[in-house]
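Report on one structure; see the data block that follows.
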Amino acid sequence: MARIELVCPAGSLPALKTAVDHGADCVYLGFKDATNARNFTGLNFDDKAMRDGIAYAHARGAKVLLALNTYPQSDNWTSWTQAVDKAAERGIDAVILADPGLMRYAMRTHPELRLHLSVQGSATSYEAINFYHEHFGIQRAVLPRVLSLAQVENVIRNTQVELELFGFGGLCVMVEGRCALSAYATGESPNCNGACSPGKHVRWEQTDQGMETRVNGILIDRFGKDERAGYPTLCKGRFEVGGETYYAIEEPTSLNTLELLPEIARMGVAAIKIEGRQRSPAYVGQVTKVWRQAIDRVQRDADGFRPEPAWQAELAKVSEGQSQTLGAYHRPWK
Amino acid sequence: MTIKLSLGPLQYYWTREATLDFYRSMADAPVDIVYLGETVCSRRHELRLPDWLDIGEQLAEAGKEVVISSQTLIESESDLKTLRKIAQQARFKVEANDMGAARLLAETEGWIAGPSLNIFNAHTLSVLVELGARRFVAPHEMSGETLAGLLSAHGEPLETEAFAYGRLPLAYSARCFTARHFNLQKDDCGFRCIDFADGLTLNTREGQPFLTINGIQTQSARVHNLLGDLPALIDGPVDVLRISPQASGTAEVVDLFRAVADGHRTPRDAFEASRALMPAEACNGFWHGRAGVEEYVA
Numbered sequence: 007m008a009r010i011e012l013v014c015p016a017g018s019l020p021a022l023k024t025a026v027d028h029g030a031d032c033v034y035l036g037f038k039d040a041t042n043a044r045n046f047t048g049l050n051f052d053d054k055a056m057r058d059g060i061a062y063a064h065a066r067g068a069k070v071l072l073a074l075n076t077y078p079q080s081d082n083w084t085s086w087t088q089a090v091d092k093a094a095e096r097g098i099d100a101v102i103l104a105d106p107g108l109m110r111y112a113m114r115t116h117p118e119l120r121l122h123l124s125v126q127g128s129a130t131s132y133e134a135i136n137f138y139h140e141h142f143g144i145q146r147a148v149l150p151r152v153l154s155l156a157q158v159e160n161v162i163r164n165t166q167v168e169l170e171l172f173g174f175g176g177l178c179v180m181v182e183g184r185c186a187l188s189a190y191a192t193g194e195s196p197n198c199n200g201a202c203s204p205g206k207h208v209r210w211e212q213t214d215q216g217m218e219t220r221v222n223g224i225l226i227d228r229f230g231k232d233e234r235a236g237y238p239t240l241c242k243g244r245f246e247v248g249g250e251t252y253y254a255i256e257e258p259t260s261l262n263t264l265e266l267l268p269e270i271a272r273m274g275v276a277a278i279k280i281e282g283r284q285r286s287p288a289y290v291g292q293v294t295k296v297w298r299q300a301i302d303r304v305q306r307d308a309d310g311f312r313p314e315p316a317w318q319a320e321l322a323k324v325s326e327g328q329s330q331t332l333g334a335y336h337r338p339w340k
Numbered sequence: 002m003t004i005k006l007s008l009g010p011l012q013y014y015w016t017r018e019a020t021l022d023f024y025r026s027m028a029d030a031p032v033d034i035v036y037l038g039e040t041v042c043s044r045r046h047e048l049r050l051p052d053w054l055d056i057g058e059q060l061a062e063a064g065k066e067v068v069i070s071s072q073t074l075i076e077s078e079s080d081l082k083t084l085r086k087i088a089q090q091a092r093f094k095v096e097a098n099d100m101g102a103a104r105l106l107a108e109t110e111g112w113i114a115g116p117s118l119n120i121f122n123a124h125t126l127s128v129l130v131e132l133g134a135r136r137f138v139a140p141h142e143m144s145g146e147t148l149a150g151l152l153s154a155h156g157e158p159l160e161t162e163a164f165a166y167g168r169l170p171l172a173y174s175a176r177c178f179t180a181r182h183f184n185l186q187k188d189d190c191g192f193r194c195i196d197f198a199d200g201l202t203l204n205t206r207e208g209q210p211f212l213t214i215n216g217i218q219t220q221s222a223r224v225h226n227l228l229g230d231l232p233a234l235i236d237g238p239v240d241v242l243r244i245s246p247q248a249s250g251t252a253e254v255v256d257l258f259r260a261v262a263d264g265h266r267t268p269r270d271a272f273e274a275s276r277a278l279m280p281a282e283a284c285n286g287f288w289h290g291r292a293g294v295e296e297y298v299a
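Protein chains in written order, with the numbering used here: chain H, 7 to 340; chain L, 2 to 299.
Structural data, given as structure tokens:
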């Protein structure tokens, strides 16, 4: 069985070190600007932190992937190309890109630089993945969280590009790269600004009816005394449709595919991605530790693999809304 | 050059009769281009590809340029089979709404790069033009100013289309939110979206319309309407204005756009007249580089 890489999030240098120390094969990170899809205040790497992070990871045999996965526009194009140049100079192991124009720049300017197709590229079929492979030589694609496992396997059979699957963490319900909900509500989008439901537009207000959460004035949810108020991600609020108030799009929940690991390993997935660059180093450490053990176990004995209750308990502690789902990998979720 | 009007692909699931009636009525409407086909959900089957091609023949006979639009979210092998059929038919041009479609259309002449391809800069636009794209539909979230900057950086003339009227397609998912509303699974959805000709409104808990549920697609609740902004569009970067079909008033809205484009009505007057035709309040924020939900008057 081919080795599955564990790809872990690093929103800061301490998170990167924790991930490497707990057994990540790769860490992925971004610069402190709109060139990546987690452009949040207080997060990400400046030049010095990036050099230190790369040195730390490489000294311990781990790879460093750089997310440059937003879409540059004509007036800010050079910020993205400079980021690609820096990645190549610093010895980044691969850049994760979504924009075809930027892929072409990277391929022509730094032919030795390895390219991964970001989940923000919205490639959900082998035809789309092969498009990026033929034109820009991408060597790995991160799949949007929309396919069932059978569909993932069909993609693998029809492409030579390695596939990376989301295994754990916050769940985008919408096809990544094709969601303008945040742009519609706030003017800031994952595609162009690297932000979804950005904090500067969020208001928490204690009212007579309970704690209300708003994004740019739009009421996303209201919580009673006994409820824990969650962050108002636009697609995870309670809304009224046809006279019923409920989580009309998705509950606050995390993706957890641990129980699918033998199946994922059998079909030849190249890497498992953990979501959460915006989360704490403690989260990164806990999740990396569990997934390292699980991947090592499944690669020794796929048939006998059962997720340890202790692993699931650890993961449940750090899940959004303390709840978990198999997402689209499990057809009934759809 | 006079600005062209296009009718975007139907986003909703209407009955076969309603769909055929609608396109029959469009044969005489002052639209230059008609995009046809199912772009949202592969389970919808009131019309299949041969039916869309038949409608295309009738509209072509009425003098319209006909384009077949491809599905936006491709998941299964059967989705790809349909996509290949669309790409292989030589009768009409095709709008690619996914890079898989772009791959299948590459080297064919004159396909259209659709709004979901995320073409945000001139470098990406060049890639697609080199592969044969001859018209480009701007991403819905792109502002007029950014679009002008993109085209000026591109440097060569390229027919450019912008979404000018209708509820905005904002997101696509593997999950069907209409089925979820009825506690049904997508594989056994009962095709309930056929009961909502303009989608199903999602309100906030204080009764403010926010989004529209349309199967696996999420739209704005408000109607993006650029009638009031037309002079800047016509003098600016746009060659084609896209009007997205709503259940009622679409023909009247087309007339209003034509009347303003031809100088027979003022933009403000036409915009005010369109208020009675829309299924909800108006918005135009995206065009002005603001939150899409805003109704902005310059």
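Cβ coordinates follow ideal geometry from the N, Cα and C atoms, glycine included.
- request: Verify whether the separation of the beta carbon atoms of Ile270(H) and Thr263(H) is less than 8 angstroms.
  value: Sequence index remark: in the first sequence, residue 270(H) carries index 264 (1-based). Sequence index remark: in the first sequence, residue 263(H) carries index 257 (1-based). Yes, these two residues count as a Cβ contact at 8 angstroms.
task: Count the other CB atoms, across all protein chains shown, that sit within 10 Å of the CB of Gly107(H); report buried if there are 16 or more and exposed otherwise.
output: Start at 1 with the first residue of the first sequence, and residue 107(H) comes out as number 101. Buried, by the Cβ-count rule.
- request: Under 7 angstroms between beta-carbons, which chain L residues line up against Asn222(H)? List them in chain order, please.
  value: Here residue 222(H) corresponds to residue number 216 of the first sequence, with the count starting at 1. Near Asn222(H) (Cβ distances below 7 angstroms), the residues of chain L are Ala292.
Gln72(L) and Gln218(L) closer than 8 angstroms at C-beta: If you number the second sequence from 1, residue 72(L) lands on position 71. If you number the second sequence from 1, residue 218(L) lands on position 217. No, the Cβ-Cβ distance between Gln72(L) and Gln218(L) is not below 8 angstroms.
message: One question on the structure: do Ala422(H) and Asn75(H) come within less than 8 angstroms of each other, judged by their Cβ atoms?
response: Outside the modelled stretch of chain H, which goes from 7 to 340, sits residue 422(H), for which no answer is possible.
task: List the endpoints of the continuous beta strand (DSSP E) containing Met217(H).
output: Residue mapping note: residue 217(H) aligns to position 211 of the first sequence, counting from 1. 216 to 221 is the extent of the beta strand (DSSP E) around Met217(H).
field: Bridge partner(s) assigned by DSSP for Trp210(H)
entry: Taking the first residue of the first sequence as 1, we reach residue 210(H) at position 204. DSSP lists Thr219(H) as partners of Trp210(H).
- prompt: Rounded C-beta distance between Gln220(L) and Arg168(L)? I'm assuming under 8 angstroms.
  reply: If you number the second sequence from 1, residue 220(L) lands on position 219. If you number the second sequence from 1, residue 168(L) lands on position 167. Right, their Cβ atoms sit about 4 angstroms apart.
message: Assuming contact is defined by CB atoms lying nearer than 8 angstroms, are Ala163(L) and Val239(L) in contact in what I supplied?
response: For this step, residue 163(L) is matched to residue 162 along the second sequence. For this step, residue 239(L) is matched to residue 238 along the second sequence. It is a contact, given that the beta carbons lie within the stated cut-off.
task: Out of Ala334(H), Pro287(H), Gly17(H), state which residue places its alpha-carbon closest to the alpha-carbon of His28(H).
output: Your numbering for residue 28(H) matches position 22 in the first sequence. Considering only alpha carbons, the answer is Pro287(H).
- prompt: If you compare alpha carbons, which of Gly48(H), Ala73(H), Arg244(H) is closest to Pro15(H)?
  reply: Here residue 15(H) is taken as the residue at index 9 of the first sequence, counted from 1. The candidate whose alpha carbon is nearest that of Pro15(H) is Ala73(H).
message: Alpha carbons only, please: which of Glu218(H), Ile226(H), Tyr111(H), Ala25(H) is nearest the one belonging to Glu246(H)?
response: The residue labelled residue 246(H) in the question sits at position 240 within the first sequence. Glu246(H) has its Cα closest to that of Ile226(H), out of Glu218(H), Ile226(H), Tyr111(H), Ala25(H).
- prompt: If we cut at 8 angstroms on Cβ distances, does Ile195(L) have a partner in chain H?
  reply: What you label residue 195(L) is simply residue 194 of the second sequence in a count that begins at 1. No, its Cβ sits nowhere closer than 8 angstroms to a Cβ of chain H.
query: Given that Asp39(H) touches chain L, what residues does it touch there, using C-beta distances under 7 angstroms?
result: Taking the first sequence and counting its residues from 1, the one referred to as residue 39(H) is at position 33. In chain order: nothing, as chain L lies at least about 16 angstroms away.
For Phe172(H), the residue or residues it bridges with in DSSP: By one-based count along the first sequence, residue 172(H) stands at place 166. According to DSSP, which records beta bridges pairwise, Phe172(H) is partnered with Lys279(H).
- prompt: How many angstroms separate the CA atom of Gly250(L) from the CA atom of Tyr36(L)?
  reply: On the second sequence, residue 250(L) is found 249 positions in, with the first residue counted as 1. On the second sequence, residue 36(L) is found 35 positions in, with the first residue counted as 1. Gly250(L) and Tyr36(L): Cα-Cα distance of roughly 18 angstroms.
query: Does the pairing of the region 156 to 173 of chain H with the region 181 to 188 of chain H give three or more beta-carbon distances under 8 angstroms?
result: no
query: What do you get for His46(L), buried or exposed, if any count of 16 or more other CB atoms within 10 angstroms of its CB means buried?
result: Numbered from its first residue, the second sequence carries residue 46(L) at position 45. So His46(L) counts as exposed.
- prompt: In this structure, does DSSP put Tyr190(H) in helix, strand or coil?
  reply: Translated into positions along the first sequence, residue 190(H) becomes position 184. Helix.
message: For Glu281(H) and Gly48(H), I'd like the C-alpha separation in whole angstroms.
response: Here the question's residue 281(H) lines up with position 275 in the first sequence. Here the question's residue 48(H) lines up with position 42 in the first sequence. Between Glu281(H) and Gly48(H), the C-alpha separation is close to 18 angstroms.
message: If distances are taken between C-alpha atoms only, which option among Val32(L), Leu171(L), Asp189(L) comes closest to Val67(L)?
response: Counted from its first residue, the second sequence places residue 67(L) at position 66. For the residues Val32(L), Leu171(L), Asp189(L), the minimum Cα distance to Val67(L) belongs to Val32(L).
- prompt: What is the residue span of the alpha helix (DSSP H) that Val26(H) lies within?
  reply: Sequence index remark: in the first sequence, residue 26(H) carries index 20 (1-based). Run containing Val26(H): 19 to 27, per the alpha helix (DSSP H) assignment.
query: In this structure, what does DSSP give as the bridge partners for Pro170(L)?
result: Sequence index remark: in the second sequence, residue 170(L) carries index 169 (1-based). According to DSSP, Pro170(L) bridges with Gln220(L).
message: Looking at the secondary structure, which residues open and close the alpha helix (DSSP H) in which His155(L) lies?
response: On the second sequence, residue 155(L) is found 154 positions in, with the first residue counted as 1. Its alpha helix (DSSP H) spans residues 145 to 155.
- prompt: Is the CB of Ala175(L) under 8 angstroms away from at least one CB in chain H?
  reply: Looking up residue 175(L) in the second sequence gives position 174. Judged by the 8 angstroms Cβ criterion, Ala175(L) is in contact with chain H.
- request: Decide if Ala97(L) is buried, meaning its Cβ has at least 16 other Cβ atoms within 10 Å, or exposed.
  value: Locating residue 97(L) in the second sequence gives position 96, counting from the first residue. Classification of Ala97(L): buried, given that the 10 Å Cβ count is 16 or more.
- prompt: So, is the C-beta of His141(H) closer than 8 angstroms to a C-beta in chain L?
  reply: In the first sequence, the residue the question calls residue 141(H) occupies position 135. Yes, because at least one Cβ of chain L sits closer than 8 angstroms to the Cβ of His141(H).
message: Just list the residues that DSSP pairs Trp112(L) with in beta bridges.
response: On the second sequence, residue 112(L) is found 111 positions in, with the first residue counted as 1. Answer by DSSP bridge pairing, in chain order: Ala134(L).
CB contact below 8 angstroms: Gly176(H) versus chain L: Here residue 176(H) refers to the residue found at position 170 of the first sequence. Not closer than 8 angstroms to any Cβ of chain L, the Cβ of Gly176(H) fails to qualify, so no.
- prompt: Taking just the CA atoms, how far does Arg136(L) sit from Gly111(L)?
  reply: Residue 111(L) sits at position 110 when you count from the first residue of the second sequence. Residue 136(L) sits at position 135 when you count from the first residue of the second sequence. The straight-line gap from Cα to Cα measures roughly 8 angstroms.
Proximal residues to Leu74(L) (C-beta, below 7 angstroms), its chain only, five neighbours per side dropped: Reading the second sequence from its first residue, position 73 is the one you call residue 74(L). If we look at Leu74(L) and ignore the five residues flanking it on each side, its Cβ neighbours are Tyr173, Ile217.
message: I need the straight-line Cα distance from Pro196(H) to Ser188(H), nearest angstrom please.
response: Against the first sequence, residue 196(H) aligns to sequence position 190. Against the first sequence, residue 188(H) aligns to sequence position 182. Taking C-alpha positions only, Pro196(H) is separated from Ser188(H) by approximately 7 angstroms.
task: Pick out whichever of Leu185(L), Ala103(L), Pro170(L) has its Cα sitting closest to the Cα of Glu142(L).
output: Along the second sequence, read from residue 1 onward, the residue named residue 142(L) stands at position 141. Considering only alpha carbons, the answer is Pro170(L).
- prompt: Can you pull the DSSP bridge partners for Tyr36(L)?
  reply: As a first step, residue 36(L) must be located in the second sequence, where it is residue number 35. According to DSSP, Tyr36(L) bridges with Val68(L).
- prompt: Using the beta-carbon count (16 or more within 10 Å), is Pro51(L) buried or exposed?
  reply: For the purposes of this step, residue 51(L) is identified with residue 50 of the second sequence, where counting begins at 1. Burial call: exposed.
- prompt: Listing by chain order, which chain L residues have their CB less than 7 angstroms from the CB of Thr130(H)?
  reply: One-based indexing of the first sequence puts residue 130(H) at position 124. Ordered by position in chain L, the residues that pass the 7 angstroms Cβ test against Thr130(H) are Leu74, Ile75, Glu76.
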